[in-house]
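Working notes, beginning with the structure itself.
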Amino acid sequence: MTTLIHAEELTKRFDGLVAVNQVNLRLEEGEVLGIIGPNGSGKTTLFNLLSGYFPPSEGAIFFAGKNVTEIPAYQRVKMGMARTFQLVSVFDTLKVWENLVLSNLRTKRVKESPLGFFFSAARKNATLQCCQDALDLVGLASKAETLTYELSYGDKRMLEIAIGISLNPRILLLDEPLAGLSDHEIGSVLEMINRVKQSFSLVVIEHKISKIVDLVQKLIVMNEGKIISEGSAENCLGDPKVRECYWGKEE
Ligand SMILES: Nc1ncnc2c1ncn2[C@@H]1O[C@H](COP(=O)(O)OP(=O)(O)O)[C@@H](O)[C@H]1O
Ligand SMILES: [Mg+2]
C-alpha cells in the first residue's frame, strides 16, 4: 500500500497561539479518514498546512513519499492533492459549468490567458471533460446550465465538491462538507461522498462524530491543536479523553 500523506511533528503558531501542536499523521492510498474536534481545535489549520495554504512553523509534510513542505498549494494540486474551497470566489451570475471550469483553471493556475485556453483545443477538451465528469459524479449534470445563484445551499455544496473532484485528485480534503445543511441535504451529500470515495483517498473534517461515523475507516480526534485520540470510531468513542474534552463539552 502507498502512504499518500505523512505528516511529521507538524506545528503551527500564530503569535502566542499554538493552533496545531506536534501532529503526526499517516494516510494510506484509498483510505477515508475523519478529523473531528471542538471548534478551534486546529482542524482547518491542519488542512491549511497539508494543502500548502501556509507553511508550518515546524515539522514536515510528505505526499506520496515526496517532501512537499516547501511546495506551494497550486503545485500540490497538480500532484494530486485537492481540497474544497468556500464558494465565496464563485460568480453567482455565471452558469454552474462556467464556475466549475473557471475554478478548475484558477486552482491549477493555468498560466495562459483564458482566451488562449479556449483556443487550445486539446487542453480545453481535457478540462471540459474533467468538469463534465465531476458534474456527473456529484449529480449536478442536469443543472450545468443553471445560474449559480439559483442553486440550493445543498447543490452549492455539491458544486464546491465538484470543483475538487474536477482536479483529478489522489486525495481530496473536505472541510466540514455537511456544515449548515438540512438533514435532507446532509443525506444527499453523504450519499454522493460514499459514491465517489472509491476514486480517491478522502479526509473529512466534521464537527460532530455521529454524522461521519459510517463514512470513515479511521478517525483522528483533535483538541487544542493536538491529536488526543485516533483509530477506529469505536476506539475513539470509548476513549475517556475524548468523552472528557469533546463529548463532555459539546454534546
Ligand atoms: N490565520 C490565522 N491567524 C491567527 N489565528 C488563527 C488563524 N487560523 C486559525 N487561527 C486560530 O487557530 C485556532 C484553531 O483554529 P481552526 O484551525 O480554524 O480550528 P477548527 O477548524 O478546529 O475550528 C483557533 O484558535 C483560531 O482562532
Ligand atoms: Mg474549521
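With my numbering applied, the sequence shown corresponds to residues -5 to 245, in that order. Glycine residues also receive a C-beta, built at the ideal position from the N, C-alpha and C atoms.
Please name the residue, chosen from the options, that lies closest to residue i on a Cα-to-Cα basis.
{"i": "Ala67", "options": "Arg103, Trp91, Lys150", "result": "Arg103"}
{"i": "Glu22", "options": "Ile30, Ala115, Ser35, Leu(-2)", "result": "Leu(-2)"}
{"i": "Val183", "options": "Ser193, Ser195, Ile206, Pro163", "result": "Ile206"}
{"i": "Leu253", "options": "Leu27, Asn33, Ser226, Phe48", "result": "With the chain covering -5 to 245 only, the question about residue 253 has no answer from this structure."}
{"i": "Leu175", "options": "Gly148, His201, Leu168, Thr121", "result": "Gly148"}
{"i": "Gly225", "options": "Ile30, Met(-5), Thr63", "result": "Ile30"}
{"i": "Met(-5)", "options": "Thr140, Leu11, Arg20", "result": "Arg20"}
{"i": "Glu185", "options": "Gly36, Phe56, Leu131, Val95", "result": "Leu131"}
{"i": "Thr87", "options": "Gln69, Glu144, Glu52, Asn61", "result": "Glu144"}
{"i": "Asn33", "options": "Asp169, Ser193, Ser195, Leu196", "result": "Asp169"}
{"i": "Lys89", "options": "Thr140, Gln211, Phe56, Leu213", "result": "Thr140"}
{"i": "Val210", "options": "Leu167, Leu27, His0, Ser136", "result": "Leu27"}
{"i": "Arg294", "options": "Gly133, Ala138, Val95, Leu134", "result": "What is shown of the chain runs -5 to 245, which leaves residue 294 out entirely."}
Based on DSSP bridge pairs, tell me the residues matched to residue i.
{"i": "Val26", "result": "Leu196"}
{"i": "Asn248", "result": "Nothing about residue 248 can be read from this structure; the chain reaches only from -5 to 245."}
{"i": "Glu2", "result": "Ala54"}
Can you have a look at residue i and say buried or exposed, based on whether 16 or more other CB atoms are within 10 angstroms of its CB?
{"i": "Asn119", "result": "exposed"}
{"i": "Phe8", "result": "exposed"}
{"i": "Glu154", "result": "buried"}
{"i": "Leu11", "result": "exposed"}
{"i": "Glu238", "result": "exposed"}
{"i": "Gly232", "result": "exposed"}
{"i": "Met115", "result": "A small correction: the amino acid at residue 115 is Ala; Met does not occupy that position in the sequence shown. Ala115 comes out exposed."}
{"i": "Gly219", "result": "buried"}
{"i": "Lys202", "result": "exposed"}
{"i": "Ala273", "result": "Absent from the model: residue 273. The displayed extent of the chain is -5 to 245, so no value can be given."}
{"i": "Glu244", "result": "Low confidence applies here, because Glu244 scores a pLDDT of 49, under 50, leaving its location unreliable and the question unanswered by this model."}
{"i": "Gly256", "result": "Outside the displayed range of the chain (-5 to 245) lies residue 256, so it cannot be described from this structure."}
My output table needs one value for residue i: the three-state DSSP class, helix, strand or coil.
{"i": "Gln16", "result": "strand"}
{"i": "Leu166", "result": "strand"}
{"i": "Ala54", "result": "strand"}
{"i": "Glu245", "result": "Any reading at Glu245 needs caution, since the residue's pLDDT is 47, under 50, leaving its predicted position unreliable; the model's value is listed next. The answer is coil: DSSP assigns Glu245 none of H, G, I, E or B."}
{"i": "Asn61", "result": "strand"}
{"i": "Lys137", "result": "helix"}
{"i": "Ala120", "result": "helix"}
{"i": "Leu175", "result": "coil"}
{"i": "Lys89", "result": "strand"}
{"i": "Lys202", "result": "coil"}
{"i": "Phe48", "result": "coil"}
{"i": "Met75", "result": "strand"}
My understanding is that residue i touches residue j, with C-beta atoms under 8 Å, so please give their C-beta distance in whole angstroms.
{"i": "Ile165", "j": "Gly74", "result": "7 Å"}
{"i": "Val190", "j": "Ile221", "result": "27 Å between Cβ atoms; not a contact."}
{"i": "Val198", "j": "Pro163", "result": "About 14 Å separates the two Cβ atoms, so there is no contact after all."}
{"i": "Asn98", "j": "Leu161", "result": "6 Å"}
{"i": "Ala13", "j": "Gly36", "result": "5 Å"}
Can you find a CB in chain D that lies within less than 8 Å of the CB of residue i?
{"i": "Arg100", "result": "Considering every chain present, this structure includes no chain D. It has just one protein chain."}
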